[in-house]
C-alpha cells in the first residue's frame, strides 16, 4: 500500500498477505472482476503496455463522470506493484471513526494537503458501502447529516449493530 500502484488488486500468495484482507477493505472493496476483465481485454490488444494502476485511475475518473462529477485528464504511466502488505495497509488506512483533526494529521504525515485529503475522501463517497460503516450517523446523529438522505439509508440498514452490518446502501443519489 504505497499508493497509485494497484497493490489492492494483488491476491494472497505464499509470500504476501494481501491488503484486500485488512479490516477496512474486507467485504468493502468490490469490482475486482471488472478490472480483471478490462486488463484481459487490454492485454489482448496491447500486451505489457497498460498497467492495472492506470486502469484503476481511468476507472475512478470514469466513475466520477458517470455519477455527474467532474472529469480530468488522467496522467498515465503508473507501474503496478509486485507486493501488497496487509500490515502496511492496516497501519496506513484511516479508521472510519477518525476525527477531522486526526485525518488532517494522517494525510499530512504522508505529504498530502487538506485539499488533497478532501478530494481523496470525496472519491470514496461514490458507490455503495456496508451499513456498519455509517450506521451510527444515520440513526444517532441528526445534526450533521441531511435528514432525507439518512431516512433513505435507513430502509436497508437496521439500527441494531450486528443486524444487516454487511447490507449495502448507496453513498450518493445516483448509484443504483
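In the UniProt record's numbering, the protein residues as written are 1 to 176.
A virtual CB, placed ideally from N, CA and C, is assigned to each residue, including glycine.
Check: Can the beta-carbon of residue 53 be found closer than 7 Å to that of residue 131?
Finding: The answer is no: Cβ separation not under 7 Å.
Check: Where do the N-terminal and C-terminal ends of the beta strand (DSSP E) with residue 130 fall, by residue?
Finding: Its beta strand (DSSP E) spans residues 128 to 130.
Next item on the list: Would you mind working out which of 15, 43 and 25 sits nearest residue 93, comparing C-alpha positions?
Entry: Of the candidates 15, 43 and 25, 25 places its Cα closest to the Cα of residue 93.
Notebook entry, point to check: Just checking my contact of residue 84 with residue 16 at CB under 8 Å: how many whole Å lie between their CB atoms?
Noted result: Correct: roughly 5 Å between the Cβ atoms.
Notebook entry, point to check: Which ranges would you report for the alpha helix (DSSP H) in the stretch 103 to 140 if only whole runs of at least 4 residues count?
Noted result: Listed in chain order, the complete alpha helix (DSSP H) runs (minimum 4 residues) inside the stretch 103 to 140 are 114 to 122 and 135 to 139.
Check: Between residue 63 and residue 128, which are expected to be in contact by the criterion C-beta below 8 Å, what is the C-beta distance as a whole number of angstroms?
Finding: Wrong, their Cβ atoms sit about 12 Å apart, outside the cutoff.
Checklist line | Per-residue burial, residue 78 [other beta carbons within 10 Å of its own, 16 or more giving buried] | finding: Taking a 10 Å sphere around the C-beta of residue 78, we find 16 or more other C-beta atoms and assign the residue as buried.
Item checked: Option in 171, 141 and 123 with minimal Cα separation from residue 59 -> Distances from the CA of residue 59 to each of 171, 141 and 123 were compared; the closest alpha carbon is that of 123.
Notebook entry, point to check: residue 173: which of 148, 20, 163 and 7 sits nearest, CA to CA?
Noted result: Nearest C-alpha to residue 173: 148.
Next item on the list: Could you tell me how far apart the beta carbons of residue 19 and residue 7 are, in whole angstroms, since I believe they sit closer than 8 Å?
Entry: The distance from the Cβ of residue 19 to that of residue 7 is about 6 Å, consistent with a contact at the 8 Å cut-off.
Item checked: Buried/exposed call for residue 50, threshold 16 Cβ in 10 Å -> With 16 or more neighbouring CB atoms inside 10 Å of its own CB, residue 50 falls in the buried class.
Next item on the list: Tell me, to the nearest whole angstrom, how far the beta carbon of residue 157 is from that of residue 135; I am working on the premise that it is less than 8 Å.
Entry: The Cβ separation is near 6 Å, so the contact holds.
Check: residue 76 to residue 55, Cα distance in whole Å?
Finding: If you take the alpha carbons of residue 76 and residue 55, they lie about 9 Å apart.
Next item on the list: Report the three-state DSSP secondary structure of residue 168 (helix, strand or coil).
Entry: In this structure, residue 168 counts as strand in the three-state DSSP scheme.
Next item on the list: For the stretch 13 to 55, list the alpha helix (DSSP H) runs that are entirely contained and at least 4 residues long, ordered along the chain.
Entry: The qualifying runs are 32 to 45.
Notebook entry, point to check: What are the boundary residues of the alpha helix (DSSP H) that includes residue 152?
Noted result: Its alpha helix (DSSP H) spans residues 147 to 154.
Margin query: Quick check: the Cα distance between residue 9 and residue 159, rounded to an integer number of angstroms?
Written below: Taking the straight line joining both Cα atoms gives about 33 Å.
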